[in-house]
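*Asks:* Okay, here's the structure, questions in a sec.
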Amino acid sequence: MSLLPAGKRLAFAARGERLCLGVWRAGRWIVCPYGAVLDGASARDQCARCAQLDRSRSVAADTMADDPRPYGVYLAYFGPGLLKVGITAAERGPARLVEQGAVAYAWLGRGPLMAARRAEALLGSALAVPDRFTKAAKRAARGALPPVPERAAELAQLHGAARELAGWPETLEPVEFACTDHSELFGLDRIPGEVAELGGMTAGAEIVGEVLTGVGADVYLRLAGEGDVVGERGGAGGEGRDANGGGERAGAGGFGGGAGPGAGAEAGVVAVMDARLLSGWVLGAAAGRVTTVPVRAVGRGAGEREREGARGQEGLF
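Just add 112 to wherever you are in the sequence shown, counting from 1, and you've got this note's numbering.
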């Protein structure tokens, strides 16, 4: 999730080109030897060759089957009917669930990597539980979330069904059901009824606004208008520095981004941006007072649902 606190004012611009971040090895990033330029609209922060090297030893790509660490199998809830199964290294705790923007989750089992993989595959084949959802599906679901008890009940039902399956890996230790909900952590009630979407960034594009909240890689901003003063609380400071003395290049997990030729977003509009879209850009202070990236499709947010109460909630289904 975004490390930017609610109320943080931002005013930044993209400089130069968006470059591949290279490969993560031995606890550090190794610079891309190709100097590859990335598409500003893609969430990927690596070029194809660096990504291929990364996946040559990756649990996610099934090329690291000898990992000796224990793994946890989890069920993640993103909205009604949007439940997925996944695995994560036990030492990471719930970090993976937070990164994905899971509204709620429950642990299913814990054990060796391959046992966790077999359990994941078992749920997929026997119960048709997917292992991923699109960004669009997750965002849309946030606007129609049922009360916390209903979320927990849906997770509990799937947890029980999974535990009853034949073929459960013997070396995977079952975990009793316990639901953790992220509503407060993500500040879902701060997301208003109408939410736009920022596109991918281009050189010179600027984003100006105030942080409302963050959900996984998504950051929700209230965009500034011409008369607003933004940056007095640290959001529009001078350029950072990279190793070569230039502006600070956003890394994986930077705080979000949009893009494109001057769109001049309407003041007060709340828009969501994918934090991954800033990775690889050099960021500097914005010269203007408004967001100049394209603002797309308006969707329904969680805050309006909360204000409507139970009667309004029933009408969403």
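Don't be surprised by glycine CBs; every beta carbon is placed ideally from N, CA and C.
For residue 260, which option in 197, 137, 336, 292 has the closest C-alpha, if you only look at C-alpha atoms?
*Replies:* Of the candidates 197, 137, 336, 292, the one whose C-alpha sits nearest the C-alpha of residue 260 is 292.
*Asks:* What are the partner residues of residue 196, as DSSP defines its beta bridges?
*Replies:* Bridge partners of residue 196: 188.
*Asks:* Quick check: the Cα distance between residue 388 and residue 297, rounded to an integer number of angstroms?
*Replies:* Their Cα atoms are separated by approximately 20 angstroms.
*Asks:* Between which two residues does the alpha helix (DSSP H) carrying residue 297 extend?
*Replies:* Looking at the DSSP string, the run of the alpha helix (DSSP H) that includes residue 297 is 295-298.
*Asks:* Could you compute how far the alpha carbon of residue 139 sits from the alpha carbon of residue 312?
*Replies:* Each residue's Cα considered, the two are about 28 angstroms apart.
*Asks:* Buried or exposed, going by whether 16 or more other CB atoms sit within 10 Å of the CB of residue 142?
*Replies:* Looking at its Cβ environment, which holds fewer than 16 other Cβ atoms inside 10 Å, residue 142 is exposed.
*Asks:* Under a CB-based cut-off of 8 angstroms, is residue 280 close to chain D?
*Replies:* Reference to chain D is not applicable here, since this structure consists of a single protein chain.
*Asks:* Quick one: residues in its chain with C-beta nearer than 8 angstroms to the C-beta of residue 146, no 5 flanking neighbours on either side, listed in chain order?
*Replies:* Correct list, in chain order: 132, 159, 161, 162.
*Asks:* Measuring CB atoms only, is the region 205-216 touching the region 271-280, in the sense that at least three cross pairs come out at less than 8 angstroms?
*Replies:* Verdict: no, contact absent.
*Asks:* Taking all protein chains shown into account, do 16 or more other C-beta atoms lie within 10 angstroms of the C-beta of residue 330, making it buried, or fewer, making it exposed?
*Replies:* Classification of residue 330: buried, given that the 10 Å Cβ count is 16 or more.
*Asks:* To which residues of the same chain is residue 195 closer than 8 angstroms at the C-beta, ignoring the five residues directly before and after it?
*Replies:* For residue 195, where only same-chain residues beyond five positions count, the Cβ hits under 8 angstroms are 187, 188, 189, 241, 266, 267, 270.
*Asks:* For residue 399, is the classification buried or exposed, using 16 other Cβ atoms within 10 angstroms of its Cβ as the cut-off for buried?
*Replies:* So residue 399 counts as exposed.
*Asks:* Out of curiosity, what's the CA-to-CA distance linking residue 221 and residue 294?
*Replies:* Using only the alpha carbons, I get a separation of about 20 angstroms.
*Asks:* To which residues of the same chain is residue 403 closer than 6 angstroms at the C-beta, ignoring the five residues directly before and after it?
*Replies:* Here the set comprises 319, 320, 335, 377.
*Asks:* Round the Cβ separation of residue 397 and residue 207 to the nearest angstrom and send it over; I've been treating them as touching at under 8 angstroms.
*Replies:* With a Cβ gap of about 31 angstroms, residue 397 and residue 207 do not count as contacting.
*Asks:* Are the CB atoms of residue 254 and residue 300 within a distance shorter than 8 angstroms?
*Replies:* Yes. Within cutoff.
*Asks:* Within its chain, find whatever has a CB closer than 6 angstroms to the CB of residue 284; leave out the 5 residues flanking it on each side and keep chain order.
*Replies:* Excluding sequence neighbours, residue 284 sits near 221, 223, 227, 231.
*Asks:* Specify, as a first and last residue, the run of the alpha helix (DSSP H) that residue 226 falls within.
*Replies:* Taken as a continuous stretch (DSSP letters only), the alpha helix (DSSP H) holding residue 226 covers 225-239.
*Asks:* Over the uninterrupted alpha helix (DSSP H) stretch that includes residue 161, give me the two end residues.
*Replies:* Taken as a continuous stretch (DSSP letters only), the alpha helix (DSSP H) holding residue 161 covers 160-166.
*Asks:* Going by beta-carbon coordinates alone, are residue 120 and residue 322 separated by less than 8 angstroms?
*Replies:* Against a cut-off of 8 angstroms, the Cβ pair of residue 322 and residue 120 comes out as a contact.
*Asks:* What's the call for residue 123, buried or exposed, on a 16-neighbour Cβ count within 10 Å?
*Replies:* It is buried - the Cβ of residue 123 has at least 16 other Cβ atoms within 10 Å.
*Asks:* Looking at residue 183: is its Cβ nearer than 8 angstroms to the Cβ of residue 234?
*Replies:* No; because the gap between Cβ atoms is not below 8 angstroms, this pair is not in contact.
*Asks:* Relative to the C-alpha of residue 117, which candidate in 179, 165, 332, 134 has its C-alpha closest?
*Replies:* Of the listed residues, the one whose Cα sits closest to residue 117 is 332.
*Asks:* Quick check: what's the CA-CA separation for residue 137 versus residue 166?
*Replies:* Residue 137 and residue 166: Cα-Cα distance of roughly 9 angstroms.
*Asks:* Who are the Cβ neighbours of residue 424 in its own chain at under 6 angstroms, not counting the five residues just before and after it?
*Replies:* In this predicted model, residue 424 has a pLDDT of only 34, less than 50, meaning its place in the structure is not dependable enough to derive any value.
*Asks:* Nearest to residue 383 by CA position, among 326, 401, 391, is which residue?
*Replies:* Closest by alpha carbon: 326.
*Asks:* Return the chain-ordered list of same chain residues with a C-beta closer than 6 angstroms to the C-beta of residue 392, the five sequence neighbours on each side being excluded.
*Replies:* Taken in chain order, the residues that qualify are 130, 131, 133, 150, 157.
*Asks:* Among residues of its own chain, excluding the 5 on either side of residue 153, which ones have a beta-carbon nearer than 6 angstroms to its beta-carbon?
*Replies:* Excluding sequence neighbours, residue 153 sits near 312.
*Asks:* Give me the DSSP bridge partner(s) of residue 171.
*Replies:* Paired residue(s): none; residue 171 is not in a bridge.
*Asks:* Are the beta-carbon atoms of residue 317 and residue 405 separated by less than 8 angstroms?
*Replies:* Cβ atoms of residue 317 and residue 405: closer than 8 angstroms.
*Asks:* If I'm right that residue 381 touches residue 308 with Cβ under 8 angstroms, what's the distance once you round it to whole angstroms?
*Replies:* The pair is a contact, with the Cβ atoms about 6 angstroms apart (cut-off 8 angstroms).
*Asks:* Check the C-beta distance from residue 386 over to residue 202 and give it rounded, since I have them as a contact under 8 angstroms.
*Replies:* Contact flag wrong, Cβ pair sits at about 28 angstroms.
*Asks:* Output needed for residue 179: all residues of its chain with C-beta closer than 7 angstroms, excluding positions within five of it in sequence on either side, in chain order.
*Replies:* Excluding positions up to five away in sequence, the list reads 171, 225.
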